[in-house]
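Undergrad:
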Amino acid sequence: MRHLITLLSINTDNFNAIIERSIEHSKNRFLNPTLLKDKVIALLFEKASTRTRISFSVAIRELGGSDLELQSSSLQLSRGETIEDTTQVLARYLHGIMLRTYSHRNLELMADLNQIPIINGLSDRHHPCQALADFMTIRQTGRDLRKTKITFIGDPNNVFNSLALGSLHSGSSLALACPEGYNVRPGISELMRKKNQPIQVYRDPVDAVKNADVVYTDVWSSMGQEQNAEKRKADFKKYTISEQIMKHAPADAIVMHCLPAHRDEEISTGIMEKYSDIIFQQAENRLHAQKAALEWIYGGI
Ligand code: CP
Ligand code: NVA
Numbered sequence: 358m359r360h361l362i363t364l365l366s367i368n369t370d371n372f373n374a375i376i377e378r379s380i381e382h383s384k385n386r387f388l389n390p391t392l393l394k395d396k397v398i399a400l401l402f403e404k405a406s407t408r409t410r411i412s413f414s415v416a417i418r419e420l421g422g423s424d425l426e427l428q429s430s431s432l433q434l435s436r437g438e439t440i441e442d443t444t445q446v447l448a449r450y451l452h453g454i455m456l457r458t459y460s461h462r463n464l465e466l467m468a469d470l471n472q473i474p475i476i477n478g479l480s481d482r483h484h485p486c487q488a489l490a491d492f493m494t495i496r497q498t499g500r501d502l503r504k505t506k507i508t509f510i511g512d513p514n515n516v517f518n519s520l521a522l523g524s525l526h527s528g529s530s531l532a533l534a535c536p537e538g539y540n541v542r543p544g545i546s547e548l549m550r551k552k553n554q555p556i557q558v559y560r561d562p563v564d565a566v567k568n569a570d571v572v573y574t575d576v577w578s579s580m581g582q583e584q585n586a587e588k589r590k591a592d593f594k595k596y597t598i599s600e601q602i603m604k605h606a607p608a609d610a611i612v613m614h615c616l617p618a619h620r621d622e623e624i625s626t627g628i629m630e631k632y633s634d635i636i637f638q639q640a641e642n643r644l645h646a647q648k649a650a651l652e653w654i655y656g657g658i
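Just so you know, our numbering puts the end of the sequence shown at 658, numbered straight through with nothing missing.
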């Protein structure tokens, strides 16, 4: 049984197959219309979502299945039923669960039961489905992933961690620019170092973009970090991807954002507009990449 908890749940051959297959899905919305026939997959949310919610719902339907949206606040989970008991019960009705959670541990506990496929729709640590769509988007620009340098400006958060694991598969190099006091999680930086793909860390965003092919950012305060939002805003003040910073990047560099964006915080309004085609392509690609990921889980590739 396959679970998609982080991008290390997938081997490199399958990662590359998923990226290429996603591109095929982008050319034909009904490439595999019966894969999920008679299957019901729950989309369980502890946090807000626009892209993940809708793109999974449509992906499941276009693969011939049904989705069932659940809020954890309306389940007995919110009254103390354990995640393991909940999973045991849901596994008797459903064929898979996509979970968006505050605690990555919940996904591990569910997957350890190995009863139905579990998919990470974002946790505090990882956002693998986002990174699949991101690498697909970079491929669609015609770039060779092995020769692509991704520079992430901002908080080394869940999205960053998944880009790091994706870089291990794709062979892309990864750099980070963030303030003192914010660092790559030790497990991620050690793994990257061990695999000979160390993450280059800059404190100066201008230096960081100088040889970037892709300049990537995400919000400074992720869901669950709202109580520190003012401090983070002050700490990251110098790290807005702006026209001034992009002047130092190669002329053909692109800017990416997983969305939702906070304009004039992590990205200026002008840069958001300039790169809106690619940024909204990333959002669209969630649909195509998740179809390919569902095929990997349910046996289509
Ligand atoms: N990028 C992303 O996961 O968006 P949502 O939070 O809207 O799902
Ligand atoms: N890092 C952000 C991503 C949202 C898609 C968060 O976790 O809120």
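Backbone N, C-alpha and C define an ideal beta-carbon position, used for all residues, glycine too.
None of these values were measured; they are calculated from a predicted model.
When DSSP labels each residue in this structure, what does Y539 get in the three-state scheme?
TA: Correct three-state label for Y539: coil.
Undergrad: Quick one: grab the DSSP three-state call for G627.
TA: Of the three classes helix, strand and coil, the one that applies to G627 here is helix, per DSSP.
Undergrad: Can you tell which of D512, G523, R500 and N514 has its C-alpha closest to the C-alpha of A660?
TA: The first residue shown for the chain is 358 and the last is 658, placing residue 660 beyond what the model contains.
Undergrad: Check whether the segment 563-580 and the segment 375-390 touch, using three or more Cβ-Cβ pairs below 8 Å as the test.
TA: At 8 Å Cβ cutoff, the stretches do not touch.
Undergrad: List the endpoints of the continuous alpha helix (DSSP H) containing T443.
TA: Its alpha helix (DSSP H) spans residues I440 to L447.
Undergrad: To the nearest angstrom, how far is it from the Cα of E630 to the Cα of M613?
TA: Roughly 11 Å separates the two Cα atoms.
Undergrad: Contact between the segment 434-442 and the segment 503-517 is defined here as three or more beta-carbon pairs at a separation below 8 Å; is this criterion met?
TA: Output reads no: the segment 503-517 does not touch the segment 434-442.
Undergrad: Does DSSP put I556 in a helix, a strand or coil?
TA: The answer is coil: DSSP assigns I556 none of H, G, I, E or B.
Undergrad: Could you pull out every residue in the same chain whose Cβ sits closer than 7 Å to the Cβ of N371, ignoring the five residues on either side in sequence?
TA: W653, listed in sequence order.
Undergrad: Since I believe I440 is in contact with D424 (beta carbons under 8 Å), could you give me their beta-carbon distance rounded to a whole number of angstroms?
TA: With 8 Å as the limit, D424 and I440 do not qualify as a contact, their Cβ atoms being about 20 Å apart.
Undergrad: Confirm the yes/no value for this check: CB of P390, any heavy atom of the ligand CP, distance under 7 Å.
TA: Not so, every heavy atom of the ligand CP lies at least 7 Å from the Cβ.
Undergrad: Considering only heavy atoms of the ligand NVA, does any lie closer than 7 Å to the CB of H461?
TA: H461 Cβ: outside cutoff for every heavy atom of the ligand NVA.
Undergrad: Who pairs with G453 in a beta bridge, going by DSSP?
TA: In the DSSP output, where bridge partners are listed per residue, G453 has I398.
Undergrad: Sort out for me which residues DSSP pairs T574 with in a bridge.
TA: H614, per the DSSP bridge assignment.
Undergrad: Taking the alpha-carbon positions, what's the L502 to S431 distance?
TA: L502 and S431: Cα-Cα distance of roughly 42 Å.
Undergrad: Quick one: what does DSSP say F509 is sitting in, helix, strand or coil?
TA: Looking at F509 - three-state DSSP - the assignment turns out to be strand.
Undergrad: Please confirm whether L427 and L400 have their CB atoms less than 8 Å apart.
TA: Against a cut-off of 8 Å, the Cβ pair of L400 and L427 comes out as a contact.
Undergrad: Give me, in chain order, the residues of the same chain whose beta-carbon lies closer than 8 Å to that of Q445; leave out the 5 immediate sequence neighbours on both sides.
TA: L470 and Q472, listed in sequence order.
Undergrad: Note down the Cα distance separating S429 from W577, rounded to an integer number of angstroms.
TA: Answer to the nearest angstrom: the Cα atoms are 25 Å apart.
Undergrad: Could you pull out every residue in the same chain whose Cβ sits closer than 6 Å to the Cβ of S527, ignoring the five residues on either side in sequence?
TA: Around S527: F492 and L502.
Undergrad: Who pairs with I654 in a beta bridge, going by DSSP?
TA: Answer is none; I654 lacks a bridge partner.
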